[in-house]
Structures are given as C-alpha cells and as structure tokens.
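Peer 1: Please see the structure below; I have some questions.
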Amino acid sequence: MTETPWVSLFSGGKDSSWALYRALAAGHPVERLVTVHPEGDSYMYHVPATELAALAAESIGIPLLNVRPEAFDTDATTNASEQGDREIEPLEQALQSFAADHGLGGIAAGAVESEYQNSRVAAMCDRLGAELFAPLWHENPTALAHSMLDAGFEITIVQVAAAGLDESWLGRTLDEQALRDLRDLNDRYGVHVLGEGGEFETIVTDGPHMASPIELEYDTEWDGQRGRLLVTDARLGGTR
C-alpha cells in the first residue's frame with residue numbers, strides 16, 4: 001500500500017533544511033517541498049533568497065511547490081496575532097489543494113523557539129488532518145548548530161540585522177569559529193545562536209541530502225546597521 005505523501009515547509013535556510021533532513025532520516029515519505037515567497041516583510045516566513053529554494057530542491061531531488069501570496073501589508077493591522085493568521089491562509093489553501101489531489105500524511109517544519117509560528121503551523125496541521133513533525137522544536141540551539149555541521153551542512157549567512165553582526169558576516173560560512181563568535185555575541189548582546197529572532201538568515205548550499213552544491217556569486221548591501229546578499233548568479237556544481 002502506498003504511503004500518504006508528506007510535505008516539508010522549505011525556505012532553503014538551515015532550519016527548514018534540517019527539518020527536511022531529519023524527516024527523510026525518520027522515513028517520512030516527503031514528496032513535495034513547499035516554499036512561501038513573501039513579497040515584503042513577514043511575521044511567519046523566512047524572506048531573503050527564497051528563489052534559491054528551487055536550486056536546492058533540484059539538488060535534493062524533490063519537487064517544489066511555490067506559494068506566492070500577495071504582499072503582506074504589515075501596516076494594515078497592529079494586531080500581530082491577526083497578521084500571523086492572515087499569513088498562514090495562502091499556505092493552507094495550497095496544502096488543501098495538494099491534499100485533495102494526493103493526500104497529506106504530515107508536514108515537516110523547522111520552528112525552533114517561535115511559539116508564534118509553531119502554534120499556527122500546528123493548528124493548520126490539525127485542520128488538514130496531518131501530522132506535524134517539528135524536530136528542532138525546543139532543542140538546544142548550540143547543540144542543533146553542531147548537529148548540522150557534524151552532518152555536513154554547508155551554511156551561508158545571507159542577511160544580518162542585529163547588534164554585533166556587521167557587514168563581515170554577509171556571505172560568511174556558519175562554521176565552528178562562527179558559532180564561537182555567535183556565542184560571544186549572545187553573551188554580549190543577546191544574539192540568538194541560530195538567529196531565531198531574525199538576527200540573521202541563512203541558505204544551505206550543500207549537505208548530505210543534496211546531490212550537488214549550490215554555487216553563489218553575489219554583491220552585498222549594507223546600510224550601517226543591517227544588510228543582505230544580493231545574489232548575482234547561482235548554479236548547481238558538479239554531482240558527487
């Protein structure tokens with residue numbers, strides 16, 4: 001009997017990539033990656049470099065479902081709870097359509113500490129009758145980071161917005177030295193080791209679940225307090 005397919009919420013960043021990796025290792029039949037592409041600021045979703053998710057999906061070998069909602073007007077309401085509810089709607093509608101065509105056994109998600117995000121995804125899973133797999137939820141951030149590196153993830157920082165994270169962090173590889181520096185910044189400024197508060201965002205350019213690495217060329221944009229990579233070219237390298 002064919003197993004009911006799963007989906008994995010996927011931005012291409014480290015947390016969603018780790019959730020996918022763990023879901024596959026646990027034997028869940030992930031048949032679709034789902035990427036939401038916000039047009040502006042978002043309370044619910046990873047925003048920068050989501051277009052690279054298509055390259056990552058190609059390397060992973062799992063089809064990608066793109067969700068492109070209209071821009072979320074974060075000025076339309078001062079109620080953050082209402083805003084989060086509005087933002088989950090396009091994703092839920094896309095998953096309802098997928099479930100109608102294929103069935104939906106479960107959803108993998110990469111939330112670490114954000115009750116705001118996790119509670120909404122959990123409620124959506126309940127409404128869809130799908131299991132929630134959230135392997136990062138309430139795990140120790142430093143231990144999680146070491147697990148990702150030990151597994152062979154190559155992680156590039158693509159956006160920074162926190163005290164202590166200057167322009168030199170843009171394009172930096174998240175390695176053991178970077179983790180030591182982040183722990184120091186956590187002590188000094190409260191920067192989250194995994195960037196859970198939006199302090200930084202990442203893209204996974206290689207890992208054991210990928211057949212080919214993502215090769216990037218980019219410029220940087222820096223306004224004195226925050227910045228991001230401006231990707232000028234991205235391609236898959238040679239298959240291993």
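Residue numbers for the sequence shown follow my numbering, beginning at 1 and rising by one. Beta carbons: idealized from backbone N, C-alpha and C, even for Gly.
(1) Please go through the region 151-219 and give each complete alpha helix (DSSP H) segment of 4 or more residues, from N-terminal end onward.
(2) Using only the alpha-carbon positions, how far apart do Glu167 and Asp101 sit?
(3) At what residues does the beta strand (DSSP E) containing Arg32 begin and finish?
(4) For Glu239, count neighbouring Cβ atoms within 10 angstroms of its own Cβ and tell me buried if that reaches 16, exposed if not.
(5) Measuring alpha carbon to alpha carbon, tell me which residue in Ala145, Glu92, Gly103, Pro38 is nearest Glu51.
(6) Comparing C-alpha positions only, which one of Ala111, Ala161, Ala178 sits nearest to Leu149?
(7) Taking 6 Å as the limit between beta carbons, can you name the residues of its chain near Pro48, skipping five residues before and five after?
(8) When DSSP labels each residue in this structure, what does Glu89 get in the three-state scheme?
(9) If you draw a straight line from the C-alpha of Ala234 to the C-alpha of Ser212, how long is it?
(10) Check this for me: beta carbons of Phe98 and Leu104, under 8 Å apart or not?
(11) To the nearest whole angstrom, what separates the beta carbons of Val7 and Val34, a pair I think is in contact under 8 Å?
(12) Compute the distance between the beta-carbons of Leu9 and Ala109, then report whether it is under 8 Å.
(13) Please state whether the Cβ-Cβ distance between Thr173 and Glu196 is less than 8 Å.
(14) Starting from Glu131, trace the beta strand (DSSP E) both ways and give me its first and last residue.
(15) Suppose you measure from the CA of Leu20 to the CA of Thr205; what does that come to, to the nearest Å?
(16) Would you mind sorting Ser119 into buried or exposed? The rule is 16 or more other CB atoms within 10 Å of its CB.
(17) Hey, would you say Leu132 sits closer than 8 Å to Val121, going by beta carbons?
(18) Identify whether Val121 lies in helix, strand or coil by the three-state DSSP scheme.
(19) Given a cut-off of 8 Å on the beta-carbon distance, is the pair Ile107 and Ala143 in contact?
(20) Using C-beta distances below 8 Å, list every residue in its chain close to Arg127, excluding the 5 sequence neighbours before and after it, in chain order.
(21) Is Leu104 helix, strand or coil when you go by DSSP?
Peer 2: Answer, in terms of the structure:
(1) 176-189
(2) Their Cα atoms are separated by approximately 46 Å.
(3) Looking at the DSSP string, the run of the beta strand (DSSP E) that includes Arg32 is 30-36.
(4) It is Thr, not Glu, that sits at residue 239 in the sequence shown. Classification for Thr239: exposed.
(5) Pro38
(6) Ala178
(7) Low per-residue confidence applies at Pro48: pLDDT is 48, beneath 50, and the placement is therefore not dependable enough to give any value.
(8) helix
(9) 12 Å
(10) yes
(11) 5 Å
(12) Their beta carbons are under 8 Å apart, which means Leu9 touches Ala109 by this criterion.
(13) no
(14) 131-133
(15) Taken atom to atom, the span from the alpha-carbon of Leu20 to that of Thr205 is near 14 Å.
(16) exposed
(17) yes
(18) helix
(19) No, the pair does not count as a contact, with Cβ atoms beyond the cut-off.
(20) Glu92
(21) coil
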